[in-house]
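Just so we're aligned, residue 251 is where the sequence shown starts under this note's numbering, counting upward by one.
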Amino acid sequence: MTASVRIRRARPADVSAVLDLLGQLGYTPEQEWVRTWVSTVSPDDRCWVAETGSAVVGLAHVHRVPFLTESAYRARLTALVVDEAERSRGVGALLLEAAEQAAREMGATELELSTSHRRHGAHRFYERHGYTQSARHYRKTVAP
Ligand SMILES: CC(C)(COP(=O)(O)OP(=O)(O)OC[C@H]1O[C@@H](n2cnc3c(N)ncnc32)[C@H](O)[C@@H]1OP(=O)(O)O)[C@@H](O)C(=O)NCCC(=O)NCCS
């Protein structure tokens with residue numbers, strides 16, 4: 251099935267499909283916010299979509315972060331989601347491969363991500379692709 255899937259850079263016309271996919275992930279960001287990051291030309295960001303025919307069925311966004319401690323960049327996978335109807339057909343693997351390639355091209359040595367404790371399927375998916383748990387993740391609200 252993955253033979254009919256095309257991975258390409260996201261463009262402004264994809265915003266509504268991207269919003270739908272982010273909804274499936276449990277998030278409802280503002281349309282203009284998503285448009286900004288889908289359209290942005292930045293040395294630190296890459297946004298990819300998976301397309302079957304003319305339908306957008308998956309999304310991955312990678313952001314590059316400099317780490318003072320490491321003399322190196324890490325890349326962060328801020329979102330990865332495949333349409334519910336298209337899961338378990340290899341689309342996620344293709345998107346992850348594109349994200350890793352983008353991270354390399356941006357000069358990052360590692361790709362990292364956070365995923366909720368409850369996403370057991372995603373844990374299996376990442377571990378199958380060689381990702382390991384290496385740190386605790388802390389978070390605090392610092393602005394309203
Ligand atoms: C995780 C996800 C991106 C993988 O995409 P995919 O196209 O299903 O991935 P692949 O077909 O390459 O690999 C399938 C594997 O992903 C895992 N998986 C995770 N969640 C899954 C789901 N809801 N449905 C099916 N497979 C899922 C399984 O290990 C599955 O292997 P299996 O089919 O042998 O059980 C996709 O399932 C998804 O969007 N899940 C919901 C959102 C999510 O959890 N995103 C990650 C947030 S950090």
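All residues carry an ideal CB built from backbone N, CA and C; glycine is no exception.
Shortest gap from the CB of Leu361 to any heavy atom of ligand 1: 7 Å or more.
Those residues whose C-beta sits under 6 Å from the nearest heavy atom of ligand 1 are, from N- to C-terminal order along the chain, Leu275, Leu330, Val331, Val332, Arg337, Ser338, Arg339, Gly340, Val341, Gly342, Ala343, Leu363, Thr365, Arg369, Gly371, Ala372, Arg374, Phe375. Here Leu330 is near Gly342, since their CB atoms are less than 8 Å apart.
A residue is called buried when at least 16 other Cβ atoms come within 10 angstroms of its Cβ; Glu350 meets this threshold and is buried. A buried status is given to Asp264, since no fewer than 16 other beta-carbon atoms sit within 10 Å of its beta-carbon. Just measuring C-alpha positions, the residue of Ser266, Arg378, Gly308 sitting nearest Val284 is Ser266.
Along the segment 269 to 355, the alpha helix (DSSP H) occurs as fully enclosed runs of 4 or more residues at 281 to 289, 341 to 355, listed in sequence order. Residues of the same chain with a CB within less than 7 Å of the CB of Ile257, apart from the 5 flanking positions on each side, are Trp298, Ala300, Leu344, Leu345, Ala348 in chain order.
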